[in-house]
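Contents: one structure, followed by commentary.
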Amino acid sequence: VSYTPRLTRRPLAGRLTASTFVLEQPRCIFPEAQSDAPMIWLVVALDGGRWRTGASAMGCAVPRGPLLTRRPAATEQFDPNTEPETPPLAFQTFPNNTAYATLGTSLNNYPCAQPTGDITVLRVGSETACSRDPNRPSCNGPLPGPGPYRVKFVAWNSSGLQAETLWSEPITLLKARPADDLPVTGSGRSTGMIVLTSILSILFAVLLACLVALLVTCSDSWGSSSFFSTKTDAVSVRRYNTHHVYDQPAARL
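First residue of the sequence shown? That's 201 in my numbering, and the numbers climb one at a time after it.
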């Protein structure tokens, strides 16, 4: 199929990151099948060479450092007759296997007509939960390094390979910058320091507002308490009348 996969031209956030990139969907590219409709898969491969690898804490090979001595491009080593969801095309062993197949879906999901308002793109590298799960060889996991990579779409059914596109142009991801390399403002403070200072200032303001609100609430409660009431209770004095005592006449002698 004379189609070359390409990055989306839509102005999307995260079109290209340190571990993902966004492709246009292959709509109206593969011929429709009358029976046994194929599954469309995306094959991601190294553009060429291999990374120096080392063991991670999980026991998996991870890229370390630049490419070693140049070898035939992974795109040339890829065998299109290799079925997806098998160890040779598993994400978990990439980049040692130089290529993996992911995002398998029915051909019916790529119709010629584009739904109104839909953004018809594919984000490669968006799944993290399955990146180390050997039971998910077709995981769409984060790409392990900046690349460059090449991709192609292939159509498989029960009879094998039915069609394939051309390889894309090399795709190089963004590289994370160390904190020491962050740009420094004219005052000599790095961008990271300014952001940290701003966050701390906001947290302090929120804490101060909460403290003021607490004091106001407690003041209202104390003002209405009977313990601090200045109203004196009315004092009632009862008047008692004593029994009349009559003087007895003096005894006559």
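Ideal Cβ placement from N, Cα and C applies to all residues, glycine included.
State the Cα-Cα distance for the pair residue i and residue j, rounded to the nearest angstrom.
i: L407; j: T397; result: 15 Å
i: G254; j: N281; result: Because G254 sits at a pLDDT of 40, beneath the cut-off of 50, its placement in the model cannot be relied upon, and the following sentence gives the value as read from the coordinates. Each residue's alpha carbon lies about 30 Å from the other.
i: C260; j: G345; result: Note that C260 has pLDDT 41, beneath the 50 cutoff, so the model's placement of it is unreliable and the number below is only indicative. Taking the straight line joining both Cα atoms gives about 14 Å.
i: R252; j: E369; result: At R252 the pLDDT is 40, less than 50, meaning the model places this residue with poor confidence and gives no usable figure here.
i: L216; j: R209; result: 11 Å
i: S401; j: G317; result: 41 Å
i: N335; j: S306; result: 21 Å
i: P295; j: N308; result: 31 Å
i: L538; j: V354; result: The structure shown does not extend to residue 538, since the chain is modelled only from 201 to 453, so the question has no answer here.
i: T365; j: P205; result: 8 Å
i: A313; j: L223; result: 18 Å
i: L411; j: I394; result: 26 Å
i: V416; j: A409; result: 11 Å
i: L374; j: A237; result: 37 Å
i: I371; j: L414; result: 56 Å
i: G214; j: L207; result: 12 Å
i: F278; j: G392; result: 43 Å
i: T286; j: I229; result: 25 Å
i: F404; j: C418; result: 21 Å
i: S359; j: I399; result: 59 Å
Who are the near neighbours of residue i in its chain, counting only those whose CB is closer than 7 Å to its CB and skipping five residues on each side?
i: P342; result: S219, T220, G325, T328, S331
i: V244; result: A299, Y300, T302, V324, Y349, V351
What are the boundary residues of the beta strand (DSSP E) that residue i is part of?
i: K352; result: 349 to 357
i: S306; result: 299 to 306
i: V243; result: 239 to 246
i: V222; result: 221 to 224
i: A363; result: 360 to 364
Which residues in the same chain as residue i place their Cβ atom closer than 6 Å to its Cβ, once the five residues preceding and following it in sequence are excluded?
i: W367; result: T275, R350, K352
i: S202; result: none
i: W241; result: P284, A301, G304, V354
i: P226; result: Y310, F353
i: M239; result: G304, W356
i: A376; result: A218
Grab me the residues of residue i's own chain with a C-beta within less than 8 Å of its C-beta, minus the 5 sequence neighbours each way, in chain order.
i: P231; result: A363
i: F427; result: With a pLDDT of only 48 at F427, under the threshold of 50, the placement of this residue in the model should not be trusted; the figure read from the coordinates follows. Excluding sequence neighbours, F427 sits near nothing in its chain.
i: T320; result: E224, Q225, R227, Q314
i: L212; result: V222, I319, V321
i: D333; result: Q292, C339
i: G198; result: As shown, the chain starts at 201 and ends at 453. That puts residue 198 outside it, with no answer to give.
i: S235; result: none
Quick check: does the Cβ of residue i come within less than 7 Å of any heavy atom belonging to the ligand ATP?
i: T372; result: The ligand ATP is absent from the structure shown, which contains no ligand whatsoever.
Inset, instruction - Flag this pair as touching only if the stretch 332 to 340 and the stretch 282 to 302 have three or more C-beta atom pairs under 8 Å; answer yes or no. - result: yes
Inset, instruction - Taking only runs that begin and end inside the stretch 308 to 354, name each unbroken beta strand (DSSP E) of 3 or more residues, in chain order. - result: 321 to 324
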